[in-house]
Amino acid sequence: MTARAGWSREVGPPPAVAVGVDVLGGLFAINGGEMSGRSLGCVHYFDPSAMCWEDLEMGHTDWVSSMLSGDKVARFYENLRWKGWETEVGALRPSDGIGVYPFLFTKESRPIERTTRRPVPMEELLSLHFDLARQLGNGKRDG
14 MTARAGWSRE VGPPPAVAVG VDVLGGLFAI NGGEMSGRSL GCVHYFDPSA MCWEDLEMGH
74 TDWVSSMLSG DKVARFYENL RWKGWETEVG ALRPSDGIGV YPFLFTKESR PIERTTRRPV
134 PMEELLSLHF DLARQLGNGK RDG
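Have a look at this one:
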């Protein structure tokens with residue numbers, strides 16, 4: 014058996030594999046050992062409203078299934094939606110997300126309808142979230 018490019022038996026699997034991102038800068042990733050040892054293979058979510066990783070306690074197949082279920086997705090995002098969110102999201106370019114101020118992890122961001130929201134490049138939004146989490150001491154994986 015030959016090793017695939019970028020992976021070898023000596024090195025092992027990657028510490029995490031991103032499998033999805035949401036419009037608010039939340040990131041879904043499969044834990045390869047980066048988040049915690051007890052949930053290898055489970056999907057974790059970097060929650061921009063908590064600035065930390067959460068173990069979703071499901072594998073990739075179950076996660077995909079739940080993301081295709083309208084009811085489960087609605088429950089997952091119930092505190093992060095506002096009247097008219099569909100229109101705002103529909104107007105975005107594929108490479109953009111929605112920057113929210115005050116930041117979603119603050120009490121001032123509630124109710125979310127009162128926040129200022131604008132399109133921002135997703136790469137910048139994710140970078141900002143991870144930088145803020147690090148500064149707040151929440152950058153610890155699964156923590």
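Position in the sequence shown counted from 1, then plus 13, gives you this note's numbering. Ideal Cβ placement from N, Cα and C applies to all residues, glycine included. Note that this is a predicted model, so its numbers are computed, not measured.
Three-state class that DSSP yields for A146 in the structure shown
helix
Where does T15 fall in DSSP's three states?
Note that T15 scores 47 on pLDDT, short of 50, meaning its location in the model is unreliable and no value can be drawn from it.
Are the Cβ atoms of V113 and T100 separated by less than 8 angstroms?
no
Please specify which runs of the beta strand (DSSP E), each continuous and at least 3 residues long, are wholly inside the segment 85-134, giving them in chain order.
109-114 and 129-134
Determine the DSSP secondary structure at L40, reduced to helix, strand or coil.
strand
So D75 is in the beta strand (DSSP E); what residue range does that whole segment cover?
Looking at the DSSP string, D75 is not in any beta strand (DSSP E); the run it does join, the alpha helix (DSSP H), is H73 to M80.
With DSSP as the reference, label G11 as helix, strand or coil.
No information on residue 11 is available, as it lies outside the stretch 14 to 156 that the chain covers here.
Simplified DSSP state of G45, which is helix, strand or coil
coil
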